[in-house]
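Peer 1:
2 protein chains.
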Amino acid sequence: MNKTPEKSQIKNLPIGIFDSGVGGLTVYRALHNRLPNEHFIYLGDTARVPYGTKSLATVERYAIENSQFLASHGIKMLVVACNTASALALPKIREKIGLDVVGVIGPGARKAVAVTSPNSKIAVIATEATVQSDAYRVSIKEASETAEVIQTACPLFVSLAEENWAKEPETFSIAKKYLDKIIEFQPEALVLGCTHYPILREVIQQTVGARVKLIDSGEACAEEVAQLLDWKELANPHKVAGERRLCDDLDHFYVTDAAERFARVAERFLGAKPAKLEAVELDELKKD
Amino acid sequence: MNKTPEKSQIKNLPIGIFDSGVGGLTVYRALHNRLPNEHFIYLGDTARVPYGTKSLATVERYAIENSQFLASHGIKMLVVACNTASALALPKIREKIGLDVVGVIGPGARKAVAVTSPNSKIAVIATEATVQSDAYRVSIKEASETAEVIQTACPLFVSLAEENWAKEPETFSIAKKYLDKIIEFQPEALVLGCTHYPILREVIQQTVGARVKLIDSGEACAEEVAQLLDWKELANPHKVAGERRLCDDLDHFYVTDAAERFARVAERFLGAKPAKLEAVELDELKKD
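Below, the structure is given as structure tokens:
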């Protein structure tokens, strides 16, 4: 990226998104729907997925490599779609790349506080690593000291989403088991703190009941990105001619391994395969 | 390892085992139970798990790095506990290290043929990657041209095993769904072609019925390793004093990341945490 680019040039640049794998496609979908004039570059680190079971040092290193890869392609802003990387690596990423970086945890937490009453009860479901990091609780407490927070890990939800079992009775039964304590807690809002969980949104809503507000962290993130583009006057002024579709050829997808599987799951999640999909090797992977 | 070691010295060396993560602990358990005088070095590549969704080139590279790590510690034989690596990378591993290498697929396939009648029907359950590789079908056909083979992927079984949901009704219900076609096929034997599946052995046996012979590839592998030690006169002649326990301090465990989680799952799978557990960095991971 040019060191002193004109603002008018920067506006035309795409927004970078990275995730540990396919889950971030739900965040891409939210961004794409909210910002139809923007172009996106998505990197799914499928060679090293999942991040949720890895250590802080490893997640930081991977996140920085992903961010540098996207920055080197010329982007105007970076979205960290992966909850684990958002929980663990945002400070290091911001330190390493001179761009605005938006994660998913802050936006999800703020949205939950915004749509609930003071002293409200907020539940969070996420991967084991995200729950252990306590990042959602910290962010919610920053937005509302008096909010009461409960967190639960739902590890099977990731495989169930990738299997596309959003309507199977077993999924309802497993959801009931995982969400039992949350139902008892009677929260006003429930944050979907893992990128895979919006695929199971209906199951989760039915299980906790219609009065619980579901917060999709990806959608909350897309709203904050829209605000930031506005504040910084960086929104793309060129209206895309015709109708934009998810995964059309204005968006570019990269994966670090197994592109064919990525395309298959993308079709399950978004109803379309990426028009532009490339397998790449990050620096570390180039070694031999 | 010394280039011309005495056979008496070689006999005292441990057997190396590698897996993509925790699943191979069921193979370690089978080896440990079958060969109580042997010592083991186990490497779980937890930084890069799972292999089942990665490409051939990547799995080969990881498998060779793991094998070289174990060979550099002085082992007399190598067991590839990971079904995906056994399916994809055995020839390359054998080419790179001058040791006997035993995988899990050949032994599992041969055992299935050995315990069934001629022209028998044999079913295999495994990860998507192992099923796609067709390695079990090829190995079974090598042992018996007339055997009829059916293969099914059961992706949720891995998470269910790691969650320790071996007795939950949802697991039975999911097993019924995955194994429906196999039940219809009426096989004489069913091969557990993923290291995680023995954890769900009872669910699987109940679902397919008591007359179907379950073949644990890890146990079949342990039998062939015992034979090979015998043929090559490499069995450790020193009887271990007292009773050996799984994960005792004669066996050494290495992981490439998240040792704490590994210890936790080891306790779920084996009933004991490794006495000796170390996190290591393989060459590729040492870069920065």
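Those sequence lines, one after another, are chains D and F.
Residue numbering for the first sequence follows my numbering, beginning at 502 and increasing consecutively.
Residue numbering for the second sequence follows my numbering, beginning at 502 and increasing consecutively.
Note that beta-carbon positions come from the ideal geometry of N, C-alpha and C, so glycine has one too.
1. Which same chain residues end up closer than 6 Å to arginine 549 of chain D when comparing Cβ atoms and leaving out the 5 residues on each side of it in sequence?
2. Rounded to whole angstroms, what is the Cα-Cα separation between glutamine 633 of chain F and glutamine 652 of chain F?
3. Would you mind stating whether glutamate 734 of chain F and proline 608 of chain F have Cβ atoms separated by less than 8 Å?
4. Chain F partners of lysine 470 of chain D, CB-CB under 7 Å?
5. At a Cβ cut of 8 Å, what residues of the region 508–522 of chain F count as close to chain D, listed as they run along the chain?
6. Spatial neighbours of proline 490 of chain F within its chain, please: CB distance less than 6 Å, with the 5 preceding and 5 following residues excluded, ordered by chain position.
7. Is there at least one non-hydrogen atom of the ligand ADP closer than 7 Å to the beta-carbon of tyrosine 637 of chain D?
8. Can you tell me which of the three DSSP states tyrosine 552 of chain F falls into?
9. Taking glycine 599 of chain F as the reference, give the member of F:Lys577, F:Ala630 and F:Val581 with the closest Cα.
10. With a cut-off of 8 Å, do at least 3 Cβ pairs link the region 577–590 of chain F to the region 582–592 of chain D?
11. Show which residues of chain F have a CB atom less than 8 Å away from the CB atom of proline 656 of chain D.
12. Quick one: does glutamate 539 of chain F have its CB under 8 Å from some CB of chain D?
13. Threonine 617 of chain F and isoleucine 623 of chain F - do their beta-carbons sit closer together than 8 Å?
14. Name, please, each residue of chain F whose Cβ falls closer than 7 Å to the Cβ of isoleucine 700 of chain D.
15. Check whether the Cβ atoms of aspartate 601 of chain D and leucine 729 of chain D sit closer than 8 Å, and answer yes or no.
16. Can you name, in chain order, every residue of its own chain whose Cβ lies under 7 Å from the Cβ of aspartate 789 of chain F, other than the five neighbours on each side?
17. Which same chain residues end up closer than 6 Å to glycine 517 of chain F when comparing Cβ atoms and leaving out the 5 residues on each side of it in sequence?
18. Please work out which residues of its chain come closer than 8 Å, Cβ to Cβ, to glutamate 629 of chain D, disregarding the five sequence neighbours upstream and downstream, and give them in chain order.
19. Grab the span of the alpha helix (DSSP H) containing alanine 764 of chain F for me, first residue to last.
20. What number of angstroms, rounded off, separates the C-alpha of valine 802 of chain D from the C-alpha of glycine 694 of chain D?
21. Does alanine 634 of chain F have its Cβ less than 8 Å from a Cβ in chain D?
22. Going along the chain, which unbroken runs of the beta strand (DSSP E) with 3 or more residues stay wholly within the region 608–684 of chain F?
23. If contact means a Cβ-Cβ distance below 8 Å, which residues of the region 668–698 of chain D contact chain F?
24. Using only the alpha-carbon positions, how far apart do alanine 723 of chain D and lysine 612 of chain D sit?
25. Of the choices F:Asp750, F:Ala776, F:Asp749 and F:Leu747, whose alpha-carbon is the least far from that of alanine 760 of chain F?
26. What's the gap between the Cα of valine 528 of chain F and the Cα of leucine 544 of chain F?
27. Could you spell out where the alpha helix (DSSP H) holding lysine 508 of chain F opens and where it closes?
28. Contact between the region 631–645 of chain D and the region 657–675 of chain D: three or more CB pairs below 8 Å?
29. Along the chain, where does the alpha helix (DSSP H) containing alanine 572 of chain F start, and where does it finish?
30. When you compare each of F:Ile700, F:Arg535 and F:Ala644 to glutamate 669 of chain F by their alpha carbons, which one comes out closest?
31. Are the C-beta of aspartate 789 of chain D and some C-beta of chain F separated by less than 8 Å?
32. Since histidine 753 of chain D sits in a beta bridge, which residues does DSSP pair it with?
33. May I have the straight-line CA-CA distance separating leucine 751 of chain F from histidine 540 of chain F, to the nearest angstrom?
34. How far does the alpha helix (DSSP H) with isoleucine 576 of chain F in it extend, from its first residue to its last?
35. Please report the distance separating the alpha-carbon of proline 592 of chain F from that of valine 756 of chain D.
36. Can you tell me the Cβ-Cβ gap for arginine 535 of chain D and alanine 727 of chain D, rounded? I've got them flagged as a contact below 8 Å.
Peer 2: Based on what the coordinates show:
1. Around arginine 549 of chain D: Tyr563.
2. The alpha-carbon of glutamine 633 of chain F is positioned some 9 Å away from that of glutamine 652 of chain F.
3. Glutamate 734 of chain F places its beta carbon 8 Å or farther from that of proline 608 of chain F.
4. Here chain D has residues from 502 to 789 only, and residue 470 of chain D is not among them.
5. none
6. The displayed coordinates of chain F run from 502 to 789. Any statement about residue 490 of chain F would go beyond what the structure contains.
7. The ligand ADP is not part of the structure shown, which contains no ligands of any sort.
8. Secondary structure at tyrosine 552 of chain F: coil, using DSSP grouped into helix, strand and coil.
9. Measuring C-alpha to C-alpha distances from glycine 599 of chain F to each of F:Lys577, F:Ala630 and F:Val581 identifies F:Lys577 as the nearest.
10. no
11. Ser660, Glu663 and Glu664
12. Any Cβ of chain D closer than 8 Å to the Cβ of glutamate 539 of chain F would place that residue at the interface, and such an atom is absent.
13. yes
14. For isoleucine 700 of chain D, there are no neighbours in chain F by C-beta distance under 7 Å, as the nearest C-beta there is about 15 Å away.
15. Yes; because the gap between Cβ atoms is below 8 Å, this pair is in contact.
16. At aspartate 789 of chain F, the pLDDT of 37 sits below 50, so the modelled position is not reliable; the number obtained from the coordinates is stated separately. Excluding positions up to five away in sequence, the list is empty.
17. Ile542, Leu571, Ile576 and Leu579
18. The beta carbon of glutamate 629 of chain D is closer than 8 Å to those of Gly553, Thr554, Ala654 and Pro656 in its chain, skipping five residues each way along the sequence.
19. 760–771
20. Not covered by the structure: residue 802 of chain D. The range shown for chain D is 502 to 789.
21. In the sequence under discussion, the amino acid at residue 634 of chain F is serine, which differs from the alanine named in the question. Judged by the 8 Å Cβ criterion, serine 634 of chain F is not in contact with chain D.
22. 622–627 and 649–654
23. Glu669, Pro670, Glu671, Ser674, Ile675 and Lys678
24. 11 Å
25. F:Ala776
26. 12 Å
27. 508–512
28. no
29. Bounds of the alpha helix (DSSP H) holding alanine 572 of chain F are 557–573.
30. F:Ile700
31. Legend: pLDDT at aspartate 789 of chain D = 37, less than 50; position of this residue unreliable, value from coordinates given subsequently. Yes, aspartate 789 of chain D lies at the interface with chain F (some Cβ there is under 8 Å from its Cβ).
32. Residue pairing from DSSP places histidine 753 of chain D in a beta bridge opposite D:Ile542.
33. 6 Å
34. Run containing isoleucine 576 of chain F: none; DSSP gives neither H nor E here.
35. 27 Å
36. 6 Å
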